[in-house]
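Here's the structure, in structure tokens; my notes come after.
2 protein chains.
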Amino acid sequence: MFLNDRKFKILQAIVTDYIETAEPIGSRTIAKKYSLGISSATIRNEMSDLEDMGLIGQLHTSSGRVPSEKGYRFFVDSMMKSRALSVEEALFLQRMIIDNIGQAEYMIQETAKALSRLTKYPAIVSEPFLKKTTIKHIQLVPLDEKSLLLVLVTDTKTVKNQIVNLPSDTRSSGAPGYKALTKLSAVLNNHISGKSIRDISRDIIDKMLAEFGENAHVLMPVLGIIADMIKAEDDVRVYTSGIKNILAFPEFAEKSKAEAIFHALEDRESLFAILDQSKAHEGIQVIIGAENTLDLLKACSLIKANYTIDNGTGCIALIGPMRMDYTQAVSVLSGILQNMQQVIEALGLQAVKATT
Amino acid sequence: MFLNDRKFKILQAIVTDYIETAEPIGSRTIAKKYSLGISSATIRNEMSDLEDMGLIGQLHTSSGRVPSEKGYRFFVDSMMKSRALSVEEALFLQRMIIDNIGQAEYMIQETAKALSRLTKYPAIVSEPFLKKTTIKHIQLVPLDEKSLLLVLVTDTKTVKNQIVNLPSDTRSSGAPGYKALTKLSAVLNNHISGKSIRDISRDIIDKMLAEFGENAHVLMPVLGIIADMIKAEDDVRVYTSGIKNILAFPEFAEKSKAEAIFHALEDRESLFAILDQSKAHEGIQVIIGAENTLDLLKACSLIKANYTIDNGTGCIALIGPMRMDYTQAVSVLSGILQNMQQVIEALGLQAVKATT
DNA sequence: CGTTAGCACTCGACAGTGATGAGTGCTAAC
DNA sequence: GTTAGCACTCATCACTGTCGAGTGCTAACG
């Protein structure tokens, strides 16, 4: 699609103005507000052409014009200038990096918060979906005579821990002491470190049982919990932040519409459905209105990017009305991706594939 | 305040009906809906008396009557029958107990979720505020040559872990191996287990430095992170759930009102201000409208209870419009408190003080 | 031939109007 | 003491006319 310079500028004015004000915009307003050096009548003629091309529309005869989905698409593809982060945004992200040089899990939550705070749009961030989590390290820690603590480190440096309550029928033999536990930890690490849960064969279990000796009764509860933890780890979590921000948009003023969005963003299943769209896409992707496969989002736009850590890929996204500030949202999202890259590198994981 | 039987029943009818419908209720409706055996005219006379007593009011002449704050207070204090949990509610809680026999941290989050799901009101639950967290156990776990994992168990069985990145200038000496770390863990436990962060004196640090020997460079980073973790632990967290439910209430239909509530419930500071009201109160407490010290909540009611674990006390609360279903809310809250008690007992902590 | 001014037309927003109905308070009768 | 009846109040709703923003069309202008 080709537009002459004047049409280009008029469309740009309509889109940016509508993104800002959420009000249909008329020819006279454009003539006054944007000094294009032509009269409102001329603008009317051009607008009529733009309407024929399907780039703008009107809600009823004699209302101002509003960008159509095609118009937004044209704007995103051809008009949007990439914007540098503002000083405040850059500083905010910088501080976040410092706070996050800790653990991958927190980084993901914090990323969601930062995204929504910087953009005023609700943010969704999913943990990387890992095909096969493997055990990196196991440590048993004594608590008291009837329970002990199991700490599990996985190959992505996620750390999990859970209390193991020893079955009451074997409680008479009691929990092993500190020294015994370090020995048992060593046995566990020797046999199952580097393995995924499926790799633990009957054979390996038998060997470990023998080496556990008098503490054999501890092994099965421990293995059971390890299996649960790995399974929970394979269950990807999704974090959202700033959902309340949608109340600020007039397009969700109707309570039923706001409720629908709230519902979708608090429900795990629908969150996955939202993020699962076009999973293979590289770089930042903008999905406008009906381009969404979900009916619920046909009135919304979604800006999303996939990121990769080690052997898994996760997703990071912003949701807003179709009239969302694509320029800002894309630049912030891109900044955040670079941020994640730095944190991940600091954690010694493989870098995020970020393409802008 | 004393009411004769007829006035009592009429007030009860007005409160329960208004809680259900959110519409002012007139004399004729009461006469039809509740078979009190008297005509609407008589009811009108009685209502006039109730209005003089300040228990009900009307929005304008010739609107139906609405309970006043004093009316709600009278209802809660004198009319509310405690209700047994329904089968569904009881089952739901039972399942929750089973899922929660893990760790105190998750229990608190899950409690918030359960509360809001069962009542349809937003729920707030705070972690117990602990005066002085003490270290119960420390374990250092090897990760790779430049980092190790620190696991910390506190006296309330909260488990925290964080990766310790060794300073680069000492990286040449490398991270200690598995065996060395178990020895270092033992040193740490010998000296600071059972202590709070303030109890770690310069003297103790010097002793540990000596015992660490060639790995002395590891000690300070580790202690620094322990201090941070304990500090973070002393920072009580607050969880909310089901905030979106307020959209369902007509009293928050105005966007500005809903936004105010959302804002208050997403902001840590205001959450604490909400929960801090009448901290010393025992058992379940109902705070109605202007009884709230916060201006923001003057139009809301708050149902809250404090719970105690070991040396700390936390808070659990429901927020709703003044017209909230006190009967249901109180019974569910009381059920949840008993639930927490069971989980806490299973964890070996001291029981919740639940008084209903 | 592109641009512009002028004009008729459309339609949403808003304020004013009257009818309707739910509800009250008062009074008189039971 | 209780009830029926009646006048009165007030929110709600549908309807109406006015106003203004905006469009499309046409004719005139450079």
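So the protein sequences, as listed, match chains C and Z. If you count the first sequence from 1, position 195 lands on 195 in the numbering used here, and the numbers rise without skipping. Basically the numbering used here = 1-based index in the second sequence + 1000. Don't be surprised by glycine CBs; every beta carbon is placed ideally from N, CA and C. No experiment lies behind these values; they were computed from the predicted model shown.
Within the model, the alpha-carbon separation for Glu1110/Z versus Arg323/C is close to 37 Å. Residue state for Val236/C is assigned as coil, using DSSP reduced to three classes. In summary, the residues of the region 1137-1169 of chain Z whose CB is separated from some CB of chain C by less than 8 Å are His1137, Gln1139, Val1141, Pro1142, Leu1143, Asp1144, Lys1146, Ser1147, Leu1149, Val1151, Val1153, Lys1157, Val1159, Asn1161, Gln1162, Ile1163, Asn1165, in the order they occur in the chain. Under the DSSP assignment, Thr1154/Z falls in the beta strand (DSSP E) whose first and last residues are 1147-1154. At a cut-off of 8 Å between C-beta atoms, Glu1266/Z counts as an interface residue with respect to chain C. Counting along the chain, the unbroken beta strand (DSSP E) around Asn306/C starts and ends at 300-309. Glu254/C carries a coil assignment under DSSP once its states are collapsed to helix, strand and coil. The alpha carbon of Met1220/Z has as its nearest neighbour, out of Asp1235/Z, Glu1233/Z, Asn1165/Z, Ala1280/Z, the alpha carbon of Asn1165/Z. Residue state for Pro128/C is assigned as strand, using DSSP reduced to three classes.
One thing to note: Asn1161/Z has its Cβ no nearer than 8 Å to the Cβ of Asn292/C.
Using a Cβ-Cβ cut-off of 8 Å, Ala1253/Z counts as an interface residue toward chain C, since at least one Cβ of chain C sits closer than that to its own. Assigned with DSSP and collapsed to three states, Asp1144/Z falls in strand. Secondary structure at His1137/Z: strand, using DSSP grouped into helix, strand and coil. Under the three-state reduction of DSSP output, Leu1011/Z falls in the helix class. Take Gly1026/Z, set aside five residues on each side of it, and the residues of its chain with a beta-carbon closer than 7 Å to its own are Gly1064, in chain order.
Per DSSP, the unbroken beta strand (DSSP E) holding Val1286/Z starts and ends at 1284-1288.
With respect to Met1340/Z, Met1107/Z sits close: the two C-beta atoms are nearer than 8 Å. Around the C-beta of Gln139/C, 16 or more other C-beta atoms lie within 10 Å, and the residue is accordingly described as buried.
Assigned with DSSP and collapsed to three states, Ile200/C falls in coil, not helix or strand. For the 8 Å CB-CB criterion, Leu247/C and Ala258/C form a contact. With respect to the 8 Å criterion, Glu1251/Z and Pro1321/Z are classified as neighbours on the basis of their beta carbons. Within chain Z, the residues placing a beta-carbon under 8 Å from that of Phe262/C are Lys1244, Leu1247, ordered along the chain. Neighbours of Glu1259/Z across chain C, judged by C-beta separation under 9 Å: Lys244, Leu247, Ala248. Residue contact check for Thr134/C against chain Z: no CB pair falls below 8 Å. In the structure shown, Arg117/C adopts helical secondary structure according to DSSP, grouped into three states.
Check the Cα spacing between Gly283/C and each of Thr308/C, Leu143/C, Val141/C, Pro142/C: the tightest is with Thr308/C.
Here the region 31-47 of chain C lies against the region 1-16 of chain C, with 3 or more beta-carbon pairs under 8 Å apart.
When CB distances to chain C are screened at a threshold of 7 Å, not a single residue of the region 1108-1123 of chain Z falls below it. Remark: fewer than three beta-carbon pairs, one from each stretch, lie closer than 8 Å, so the region 1232-1247 of chain Z and the region 228-242 of chain C are not flagged as touching.
Under the three-state reduction of DSSP output, Thr1313/Z falls in the strand class. The beta-carbon of Thr1240/Z is placed no less than 8 Å from the nearest beta-carbon of chain C. Listed along the chain, the chain Z residues whose CB falls inside 8 Å of the CB of Thr21/C amount to none; the nearest CB is some 18 Å away. Judged by DSSP in its simplified three-state form, Gly1064/Z adopts coil rather than helix or strand.
Of the other Cβ atoms in all chains shown, fewer than 16 fall within 10 Å of the Cβ of Ala1290/Z; this residue is therefore exposed. Within the same chain, Cβ atoms closer than 8 Å to the Cβ of Leu1085/Z are found at Leu1093, Ser1331, Val1332, Gly1335, the five residues on either side in sequence being excluded. For Thr1182/Z, a Cβ of chain C is located within less than 8 Å of the residue's own Cβ.
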